[in-house]
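Chemist: Take this structure, written in structure tokens, and hold onto it; I'll ask about it next.
Protein chains in written order, with my numbering: chain W, 1 to 136; chain X, 1001 to 1249.
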């Protein structure tokens, strides 16, 4: 966000938003949580990249890394990251339905149906990945 | 038996005299069919004639009586006292705007932004009247209709923290109206309007808090208009990068 100074006219009162503005309404808090989710997802991805790097270093290095991940701190982090990832995904799917107008001929497909299609696709892809992991 | 009353905590600000606004409490009759605007009119008529606020139609059409009611942007002509019973009800000027006096805000910034998005039909060549009207099918009307319901009440600006933090943001209503004319089959001004909507202080300033659409009293969805403009703009950018003819037909 860019912040440009506004020319203030004398006599008018200019309200200032305090740093705690996002505590004013539950919807703002939910918005900030959604923004915060990106931090946890970013950390998770860095850990994931390190995991792949350690895999390339051989079985012992990888086993040592997995041992580190089994510590209570890392497990707690992953639980929180999963919760944020789910929150982000669900709100994302709901928002896409509003943003992406899908037309069928002259009619607009109801946003709920678009969201439902997203969820179905999510479940199908998740099941496919699960099958792949379990069989491998 | 004395009539039941409800307390309104009304923001007062006298320019040139007060350093900052303060709240003043008024006990007004609690009537089930009264809205906050009726209570303000009662205060002005019977209790304190110096109270200043804007209103006109009292039926949700003119868009001039928008204020913060218990911290939420509302048309005061549509905010019933009974929904806030037993009170007190906090009535403040619309958030994120400079205050002129009491509940009156300065709307110059919004008017300037509204002009900037050119919210009117632009034709490359005006058709002579003799050639008849510009026809439109119901499906073409349906594309933009909800965005044309905007009454410029500015509740969406009061709900938008981006505008509160960074007033250069063009903001929800102006972008939604620009988008509305872009969608209109009679309009040919897309190339003039799109650069304004997609500049840094346009759609890309929006972080999609989404409250603009929640508070809109006319069911307009400015948040969707903004995100759809982002998608269209991003698509155009990709096409211009990928295709030799710059994505232009």
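Ideal Cβ placement from N, Cα and C applies to all residues, glycine included.
1) Anything in chain X within Cβ reach of residue 21 of chain W, meaning under 8 Å, just list it in chain order.
2) Within a Cβ cutoff of 8 Å, which residues of the same chain sit near residue 1249 of chain X, ignoring the five residues on either side of it in sequence?
3) If residue 1070 of chain X sits next to residue 1054 of chain X, beta carbons under 8 Å apart, how far is it from one beta carbon to the other, in whole angstroms?
4) Cβ atoms of residue 1066 of chain X and residue 1094 of chain X: under 8 Å apart, would you say?
5) What residues in the region 1010-1039 of chain X bring their beta carbon closer than 9 Å to a beta carbon of chain W?
6) Can you list, in chain order, the stretches of the alpha helix (DSSP H) that have 4 or more residues and sit fully within the region 1169-1245 of chain X?
7) I need the straight-line Cα distance from residue 1234 of chain X to residue 1048 of chain X, nearest angstrom please.
8) Got a sec: is the Cβ-Cβ distance from residue 1139 of chain X to anything in chain W below 8 Å?
9) In the DSSP assignment, find the unbroken beta strand (DSSP E) run with residue 51 of chain W in it and report its ends.
10) If the cut-off is 8 Å on Cβ atoms, which residues from the region 22-53 of chain W count as contacting chain X, listed in chain order?
11) Which two residues bound the contiguous alpha helix (DSSP H) that contains residue 1151 of chain X?
12) Residue 1096 of chain X by DSSP, collapsed to three states: which one?
13) Note down, in chain order, each residue of its chain lying with its Cβ closer than 8 Å to the Cβ of residue 1193 of chain X, except the 5 sequence neighbours on either side.
14) For residue 117 of chain W, decide whether its Cβ has a neighbour in chain X, counting only Cβ atoms nearer than 8 Å.
15) Please check if any C-beta of chain X sits within less than 8 Å of the C-beta of residue 106 of chain W.
16) Quick one: Cα of residue 1032 of chain X to Cα of residue 1134 of chain X, how far?
17) Below 8 Å on the Cβ atoms is my guess for residue 1147 of chain X versus residue 1176 of chain X; work out the distance and round it to an integer in Å.
18) What residues from the region 1098-1114 of chain X come within 7 Å of chain W, judged by C-beta to C-beta, listed N to C?
19) Which residues in chain X have a C-beta closer than 7 Å to the C-beta of residue 13 of chain W? List them in chain order.
20) In three-state terms, what does DSSP make of residue 12 of chain W?
21) Is it right to say residue 99 of chain W is buried, meaning 16 or more other beta carbons lie within 10 angstroms of its own, or is it exposed?
22) Residue 1021 of chain X: which of X:1011, X:1086, X:1027, X:1028 sits nearest, CA to CA?
23) Please report the residue range of the beta strand (DSSP E) in which residue 1008 of chain X lies.
24) Anything in chain X within Cβ reach of residue 17 of chain W, meaning under 9 Å, just list it in chain order.
25) Roughly how many angstroms separate the alpha carbons of residue 3 of chain W and residue 1201 of chain X, rounded to a whole number?
26) Determine the DSSP secondary structure at residue 1029 of chain X, reduced to helix, strand or coil.
27) To be precise: take each residue of the region 89-100 of chain W, compare its Cβ to all Cβ atoms of chain X, and keep it if any distance is under 8 Å. Which residues remain?
28) Please state whether the Cβ-Cβ distance between residue 1212 of chain X and residue 1172 of chain X is less than 8 Å.
29) Measure the beta-carbon distance from residue 1028 of chain X to residue 1051 of chain X and round it to whole angstroms, keeping in mind my assumption that it falls under 8 Å.
30) Based on Cα-Cα distance, which residue from W:40, W:74, W:52 lies nearest to residue 88 of chain W?
31) Can you tell me which of W:46, W:118, W:124, W:97 puts its alpha carbon nearest to the alpha carbon of residue 111 of chain W?
32) Mind checking who residue 1067 of chain X pairs with in its DSSP beta bridge?
33) Assuming the contact rule is C-beta atoms closer than 8 Å, residue 1078 of chain X and residue 1217 of chain X should be a hit. Round their C-beta distance to whole Å, please.
34) Might you give, ordered along the chain, the residues of its own chain that have their beta carbon closer than 8 Å to the beta carbon of residue 8 of chain W, omitting 5 neighbours on each side?
35) Output the distance between the C-alpha atoms of residue 126 of chain W and residue 133 of chain W, rounded to the nearest integer angstrom.
36) Can you tell which of W:68, W:116, W:17, W:12 has the C-alpha that lies nearest to the C-alpha of residue 1017 of chain X?
Modeler: Based on what the coordinates show:
1) Numbered from its first residue, the first chain carries residue 21 of chain W at position 21. What residue 21 of chain W touches in chain X: 1161, 1164, 1165.
2) The sequence position of residue 1249 of chain X within the second chain is 249, counting from 1. Here the model assigns residue 1249 of chain X a pLDDT of 47, short of 50, so the residue's position is not dependable and the matter cannot be decided.
3) For this step, residue 1070 of chain X is matched to residue 70 along the second chain. For this step, residue 1054 of chain X is matched to residue 54 along the second chain. With a contact defined as Cβ atoms closer than 8 Å, residue 1070 of chain X and residue 1054 of chain X miss out at about 19 Å.
4) Your numbering for residue 1094 of chain X matches position 94 in the second chain. Your numbering for residue 1066 of chain X matches position 66 in the second chain. Cβ distance < 8 Å, so residue 1094 of chain X and residue 1066 of chain X count as in contact.
5) 1013, 1015, 1016, 1018, 1019, 1020, 1021
6) 1172-1183, 1190-1197, 1211-1215, 1222-1242
7) Residue mapping note: residue 1234 of chain X aligns to position 234 of the second chain, counting from 1. Residue mapping note: residue 1048 of chain X aligns to position 48 of the second chain, counting from 1. Spanning the two alpha carbons is a distance of roughly 54 Å.
8) Here the question's residue 1139 of chain X lines up with position 139 in the second chain. By this cut-off, residue 1139 of chain X is an interface position.
9) Taking the first chain and counting its residues from 1, the one referred to as residue 51 of chain W is at position 51. Looking at the DSSP string, residue 51 of chain W is not in any beta strand (DSSP E); the run it does join, the alpha helix (DSSP H), is 26-56.
10) Hits within the stretch, in order: 22, 24, 25, 27, 28, 31, 35.
11) Position 151 of the second chain, counted from the first residue, corresponds to residue 1151 of chain X. Element bounds for residue 1151 of chain X: n/a, residue is neither H nor E.
12) Stepping through the second chain from its first residue, residue 1096 of chain X is reached at position 96. In the structure shown, residue 1096 of chain X sits in coil (DSSP, three-state: anything other than H, G, I, E or B).
13) For the purposes of this step, residue 1193 of chain X is taken as residue 193 along the second chain, with counting starting at 1. Cβ neighbours of residue 1193 of chain X beyond the five flanking positions: 1117, 1118, 1122, 1178, 1181, 1182.
14) Along the first chain, read from residue 1 onward, the residue named residue 117 of chain W stands at position 117. No, residue 117 of chain W lies away from the interface with chain X (no Cβ there is under 8 Å from its Cβ).
15) Looking up residue 106 of chain W in the first chain gives position 106. It does; some Cβ of chain X falls within 8 Å.
16) Working through the second chain from its first residue, we reach residue 1032 of chain X at position 32. Working through the second chain from its first residue, we reach residue 1134 of chain X at position 134. If you take the alpha carbons of residue 1032 of chain X and residue 1134 of chain X, they lie about 47 Å apart.
17) Position 147 of the second chain, counted from the first residue, corresponds to residue 1147 of chain X. Position 176 of the second chain, counted from the first residue, corresponds to residue 1176 of chain X. Confirmed, about 5 Å.
18) 1098, 1099, 1100, 1106
19) As a first step, residue 13 of chain W is located in the first chain; it is residue number 13 there, counting from the start. Those are 1013, 1020, 1021, 1098, 1099, listed as they occur along chain X.
20) Locating residue 12 of chain W in the first chain gives position 12, where the first residue counts as 1. Coil, per DSSP.
21) As a position in the first chain, residue 99 of chain W is number 99, starting the count at 1. It is buried - the Cβ of residue 99 of chain W has at least 16 other Cβ atoms within 10 Å.
22) Taking the second chain and counting its residues from 1, one reaches residue 1021 of chain X at position 21. It is X:1011 whose Cα lies nearest to the Cα of residue 1021 of chain X.
23) Taking the second chain and counting its residues from 1, the one referred to as residue 1008 of chain X is at position 8. From DSSP, the beta strand (DSSP E) with residue 1008 of chain X extends over 1005-1012.
24) Here residue 17 of chain W refers to the residue found at position 17 when the first chain is read from its first residue. Residues of chain X with a Cβ closer than 9 Å to the Cβ of residue 17 of chain W are, in chain order, 1095, 1096, 1161, 1164, 1165.
25) The residue given as residue 3 of chain W occupies position 3 in the first chain. The residue given as residue 1201 of chain X occupies position 201 in the second chain. Only weak support exists for where residue 3 of chain W lies, its pLDDT of 49 falling under 50; the coordinates are left without a value.
26) Within the second chain, the letter at position 29 stands for residue 1029 of chain X. Strand at residue 1029 of chain X.
27) 95, 98, 99, 100
28) For the purposes of this step, residue 1212 of chain X is taken as residue 212 along the second chain, with counting starting at 1. For the purposes of this step, residue 1172 of chain X is taken as residue 172 along the second chain, with counting starting at 1. Contact flag set, yes.
29) Position 28 of the second chain, counting from 1, holds the residue named residue 1028 of chain X. Position 51 of the second chain, counting from 1, holds the residue named residue 1051 of chain X. Between residue 1051 of chain X and residue 1028 of chain X the Cβ distance is about 12 Å, and since that is not below 8 Å, they are no contact.
30) Mapped onto the first chain, residue 88 of chain W falls at position 88. The option with the nearest alpha carbon to residue 88 of chain W is W:40.
31) Here the question's residue 111 of chain W lines up with position 111 in the first chain. When only C-alpha atoms are compared, the closest one is W:97.
32) As a working mapping, residue 1067 of chain X is identified with position 67 in the second chain. According to DSSP, residue 1067 of chain X bridges with X:1074.
33) Here residue 1078 of chain X is taken as the residue at index 78 of the second chain, counted from 1. Here residue 1217 of chain X is taken as the residue at index 217 of the second chain, counted from 1. 6 Å between Cβ atoms; contact.
34) On the first chain, position 8 is the one that residue 8 of chain W refers to. The residues are 14.
35) Position 126 of the first chain, counting from 1, holds the residue named residue 126 of chain W. Position 133 of the first chain, counting from 1, holds the residue named residue 133 of chain W. Between the C-alpha atoms of residue 126 of chain W and residue 133 of chain W there is a straight-line separation of about 11 Å.
36) In the second chain, residue 1017 of chain X corresponds to position 17, counting from 1. Looking at the Cα atoms, W:12 is the closest of the given residues.
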